[in-house]
Amino acid sequence: MRNRYPYLLLASLFFSSLRAFSQTDAQPLFTFGVMTDVQYCDCDNAGTRHYRSSLRKLDEAVQLFNQKKVAFVTHLGDFIDHDFRSFDTLNTIIKPLKSPIRHVLGNHDFSVRREEIARVPATLKLKGRYYSFAKRNWRFIVLDGNDLSVYGNVTTSKNHEQATRTLETLKGQKAPNAQTWNGGIGEQQFKWLKDELRSAAKKSEKVVILCHFPLVPANDPHNLWNHQEVKALLESYPNVRAYFNGHAHQSSYHTEKGIHYITFRGMVEQEETGFAVVEVYNDHLKIDGFAAEPDRILK
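Residue numbers (my numbering): -9 to 289.
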């Protein structure tokens, strides 16, 4: 009889660990939806961009996000193509969404009349152009890559003046990202980002950065103007796990110094849609891609 106790003890430990696994690693802490570059306008197709089809695709994404009961949805920029009235059309489609939507500002979101620029964030129900929020020990930092840009600020602002100088400098250096449709992070936002990263590190929070513009690879013409400085800052914090962006319209993946860089496919591309549901675990992220967006596991 005495010989049975070690086996009973081992069996008890095994089933206890199995239950613990099923309650933690087997189920995600939470899930969230990702889409980008809906870029709708009431326009005919132009090359690979099927503008009117974005309405159907967005509606399909909303239905699936509701079905999956995601904690929130992020759109990584370029909700519209150029007409301010398009915001109303899209906001009507996402109204049935049962979870909050966290918008990231893209360059096309500011392709409106000069007097409408200041109204863009409020139209997307944003209190600020960059912000952060936390969920289950994960902090999501939303950057405004249009902070320094020749289109995202009124022409009389200091940021517009600095953006003009920055663009001219990049052109002089023959930088691939010296494009009028790119932008950068201003000094004030850069300082805010440092504070956010420092705060997240003190709280032992894992960090995901959300921005419209990519940081990698180094020679990508879609990159944030000051991608090198932002990338170096992120790499100095080991709790930064991933960087999600849109803008380039084609899915891609890079990893450097422990950070996963994901460019998500633009929804406006072709007739086939593309979006994702991300499952968040303690030690990894699982991207469940739909249609043209691929699956990925980020360890």
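Glycine included, each C-beta is placed from N, C-alpha and C at the ideal position.
Where residue i falls: helix, strand or coil (DSSP)
i, result
"Arg39", "strand"
"Trp128", "strand"
"Phe203", "coil"
"Glu195", "coil"
"Asp27", "coil"
"Ala313", "Because the chain in this structure spans residues -9 to 289, residue 313 falls outside the shown range and cannot be described."
"Ser242", "strand"
"Lys221", "helix"
"Leu275", "strand"
"Phe254", "coil"
"Leu214", "coil"
"Leu19", "coil"
"Glu259", "strand"
"Ala282", "coil"
"Ala232", "strand"
Buried or exposed by the 16-neighbour rule on C-beta atoms within 10 Å, applied to residue i
i, result
"Asp68", "buried"
"Thr156", "buried"
"Arg39", "buried"
"Asp285", "exposed"
"Asp27", "buried"
"Pro18", "buried"
"Glu195", "buried"
"Lys85", "exposed"
"Tyr141", "buried"
"Arg255", "buried"
8 Å contact criterion, which residue i and residue j should meet: CB distance rounded
i, j, result
"Glu177", "Ser241", "No, Glu177 and Ser241 are not in contact; Cβ-Cβ is about 32 Å, not under 8 Å."
"His250", "Ala232", "4 Å"
"His98", "His72", "6 Å"
"Pro90", "Phe55", "Rounded, the Cβ-Cβ distance is 11 Å, inconsistent with contact."
Contact set for residue i: own chain, Cβ-Cβ below 6 Å, skip 5 residues either direction
i, result
"Cys201", "Leu133, Gly135 and Asn235"
"Phe280", "Phe265"
Residues of its chain near residue i, where Cβ-Cβ distance is below 8 Å and the 5 sequence neighbours each way are ignored
i, result
"Leu214", "Gly135, Asn167, Asn172, Gly173, Gly174, Ile175, Cys201, Phe203, Pro204, Leu205 and Val220"
"Ala124", "Phe130 and Glu195"
"Thr21", "Lys58, Lys59, Val60, Ala61, Val267, Val268, Glu269 and Val270"
Own chain partners of residue i with C-beta closer than 7 Å, once the 5 adjacent residues on each side are dropped
i, result
"Ser44", "Val28, Gln29, Tyr30, Met257 and Val258"
Length-filtered (3 minimum) beta strand (DSSP E) runs lying within the segment 42 to 86: 62 to 65
Completely contained alpha helix (DSSP H) runs for the segment 91 to 171, where each covers 4 or more residues: 110 to 113 and 148 to 162
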